[in-house]
Structures are given as C-alpha cells and as structure tokens.
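Peer 1:
Residue numbers (this note's numbering): 6 to 241.
Following this line, the structure appears as structure tokens:
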C-alpha cells in the first residue's frame, strides 16, 4: 500500500514538504527492472531511505478487485539514478559507563572473543545474563553483543573449529545478483565499514546494524534481545 503523505519514512525527522521531487527531477532517465525480486526490493529500499512513497506495480487488468502476482506486469520502468537518502538524525550522547567500556576494551582486539583469558575476565558473566534473558543495567551495542554470544558459543563447544582447533572464520555472505543495481554513494561506503574477520560493525557510529544499510552502531540490547529490527546476513 502507498504510504500516507503524513508518514515519515526511515530514520528521517524531516516533514513531507522537505522531500525531494525525485520523479520530476529524473524524468526521461529511466531503466527497466523486474516488478518483483531483489532489484525491485533494492529500489523500494532507496525510496524508503529518501522518505518517498513506495511504488506498487499497476495490474495489467485494472478491473480486477484483488490483483494477483500473475496479473502484474513483469517489468516496470524506474529512474536510472536513485534519490539521495535523507540526512541521518543526530543521536543524543549517551552517558559513559566504565563497565561497558571495560567490555569494549576486552573485545577490542581481533579474535579476543576466542581467548579463555577474555572469557574469565568478565565476559562469562555478561553472556550468562544474556542467555538467561535478564535485563542489563547498561545497554550494549549490537556488535558487542554478537561478540559476547560468539565467545559463549566457543566456550560451550557450539562454534565449529578448524583442523588446528581454532574457531573457524564465518563464511562470506553470498553475492546476490541485483543488490548492486544502484552503486552506493561515498557516504554509503563509509557507513559500511566493518571488521572483515568477524563481519561485525566497528561500533564507531558507522556499523551496518540497523537494517537500512546505514546503521548508527548504537543499537541497545539490554534484555538479551535487540530492541530494533536489523538485517544481518552472516554478521553483515
């Protein structure tokens, strides 16, 4: 369904009148894509990030009361250049916590979650609270929670090991045709920094943890569950 004009999409707090007139600006520069599948999903994602209404393919037979997938045209024409995403809102600075900073320091180095010394230094207690679904006194960013859970899986023997007995590296995410329909901008490239070994966001405010491909690296997890929707494919 089309979004109501009063609805504000994505992370933006801008009002409707501030939205760019994408269709009129790009008129005449069109490409053809399938009306379903990955390419169409990527196009809808770009519109969502720009705060624009999401398109719905018009049925071939407009007399149908409930059009089905088979009644939709197989392709649609869209502008060849995607709209610019709306500015990212600024988040209030959270209060510093010495306990959270200590956990950050313990897991800062690559592969630190694999070490027994890291586990007994306090990560074991945090992991037990997460597994028990208890509410933490301080929120943790998503990338840090993933490392803590990985450390617990290693300790429990649930993480696969290589021939040398070391935890194996997570497999690379498969390449899905169509996701690069629109190249990312320079801002988008900066926002996609992550730990190449673990696939975890770097936590500097630019991790890809929020499901829009442009995460703010500050998702709080205080009760063993993430409090906002995320898109996570092998940690990316």
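For glycine and all other residues, C-beta sits at the position ideal for the given N, C-alpha and C.
1) Can you check DSSP and say which residues form a bridge with residue 82?
2) Going by CA-CA distance only, name the one from 127, 54, 170, 126 that's closest to residue 91.
3) For residue 216, name the three-state secondary structure that DSSP assigns.
4) Buried or exposed for residue 45, going by 16 or more other Cβ atoms inside 10 Å?
5) How long is the line joining the alpha carbons of residue 157 and residue 130, rounded to whole angstroms?
6) Alpha carbons only, please: which of 120, 172, 173, 146 is nearest the one belonging to residue 102?
7) Decide if residue 47 is buried, meaning its Cβ has at least 16 other Cβ atoms within 10 Å, or exposed.
8) Hey, quick one: how far does the alpha helix (DSSP H) through residue 135 stretch, first residue to last?
9) Could you compute how far the alpha carbon of residue 88 sits from the alpha carbon of residue 178?
10) State yes or no: is the C-beta of residue 80 within less than 7 Å of the C-beta of residue 37?
11) Pick from 148, 155, 169: whose alpha carbon is nearest that of residue 136?
12) For residue 104, does the count of other Cβ atoms within 10 angstroms reach 16, so buried, or fall short, so exposed?
13) Based on the DSSP secondary-structure assignment, which residues constitute the bridge partners of residue 172?
14) Using a Cβ-Cβ cut-off of 8 Å (strictly less than) and excluding sequence neighbours within five positions of residue 119, which residues of its own chain qualify?
15) Between which two residues does the alpha helix (DSSP H) containing residue 110 stretch?
16) Compare the beta carbon distance of residue 111 and residue 132 with 7 Å and say whether it is the shorter of the two.
17) Here's the rule I'm using: 16 or more other beta-carbon atoms within 10 Å means buried, otherwise exposed. How should residue 206 be labelled?
18) If residue 78 sits next to residue 40, beta carbons under 8 Å apart, how far is it from one beta carbon to the other, in whole angstroms?
19) Let me know the secondary structure DSSP gives residue 201 once reduced to three states.
20) Tell me which same chain residues have a C-beta within less than 6 Å of the C-beta of residue 52, skipping the five on either side of it?
21) Can you round the beta-carbon distance between residue 151 and residue 128 to whole angstroms, since I take them to be within the 8 Å contact cut?
Peer 2: With the structure as the only source:
1) Translated into positions along the chain shown, residue 82 becomes position 77. Answer is 37.
2) Here residue 91 refers to the residue found at position 86 of the chain shown. Closest in alpha carbon position to residue 91, among 127, 54, 170, 126, is 54.
3) The residue labelled residue 216 in the question sits at position 211 within the chain shown. Note that residue 216 scores a pLDDT of 40, beneath 50, so its modelled location is shaky and nothing firm can be said.
4) If you number the chain shown from 1, residue 45 lands on position 40. Burial call: buried.
5) The residue labelled residue 157 in the question sits at position 152 within the chain shown. The residue labelled residue 130 in the question sits at position 125 within the chain shown. Residue 157 and residue 130 have their alpha carbons spaced roughly 10 Å apart.
6) One-based indexing of the chain shown puts residue 102 at position 97. The shortest C-alpha separation from residue 102 is found at 146.
7) Walking along the chain shown from the start, residue 47 turns up at place 42. So residue 47 counts as buried.
8) Stepping through the chain shown from its first residue, residue 135 is reached at position 130. 129–136 is the extent of the alpha helix (DSSP H) around residue 135.
9) As a position in the chain shown, residue 88 is number 83, starting the count at 1. As a position in the chain shown, residue 178 is number 173, starting the count at 1. If I take the Cα positions, the gap works out to 27 Å.
10) Here residue 80 refers to the residue found at position 75 of the chain shown. Here residue 37 refers to the residue found at position 32 of the chain shown. Against a cut-off of 7 Å, the Cβ pair of residue 37 and residue 80 comes out as a contact.
11) Reading the chain shown from its first residue, position 131 is the one you call residue 136. Here the closest residue by C-alpha is 155.
12) Translated into positions along the chain shown, residue 104 becomes position 99. It is exposed - the Cβ of residue 104 has fewer than 16 other Cβ atoms within 10 Å.
13) Looking up residue 172 in the chain shown gives position 167. Looking at the DSSP assignment, residue 172 forms a beta bridge with 166.
14) Sequence index remark: in the chain shown, residue 119 carries index 114 (1-based). Around residue 119: 156, 159, 171, 172.
15) If you number the chain shown from 1, residue 110 lands on position 105. Taken as a continuous stretch (DSSP letters only), the alpha helix (DSSP H) holding residue 110 covers 103–111.
16) Here residue 111 refers to the residue found at position 106 when the chain shown is read from its first residue. Here residue 132 refers to the residue found at position 127 when the chain shown is read from its first residue. The criterion of a C-beta distance shorter than 7 Å is not satisfied by residue 111 and residue 132.
17) Against the chain shown, residue 206 aligns to sequence position 201. Low confidence applies to residue 206: its pLDDT is 43, below 50, so where it sits in the model is not reliable, and the reading given next is rough at best. Buried, because 16 or more other Cβ atoms sit within 10 Å of the Cβ of residue 206.
18) In the chain shown, counting from the first residue as 1, residue 78 sits at position 73. In the chain shown, counting from the first residue as 1, residue 40 sits at position 35. About 6 Å separates the beta carbon of residue 78 from that of residue 40, a gap short enough to meet the 8 Å contact definition.
19) Translated into the one-based positions of the chain shown, residue 201 becomes position 196. Confidence is the limiting factor: at residue 201 the pLDDT is only 41, short of 50, which leaves the residue's position unreliable and the question unanswerable from this model.
20) Your numbering for residue 52 matches position 47 in the chain shown. Beyond the five residues adjoining it in sequence on each side, residue 52 comes within less than 6 Å, by CB distance, of 59 in the same chain, given in chain order.
21) Reading the chain shown from its first residue, position 146 is the one you call residue 151. Reading the chain shown from its first residue, position 123 is the one you call residue 128. Not really, about 13 Å apart at Cβ, beyond 8 Å.
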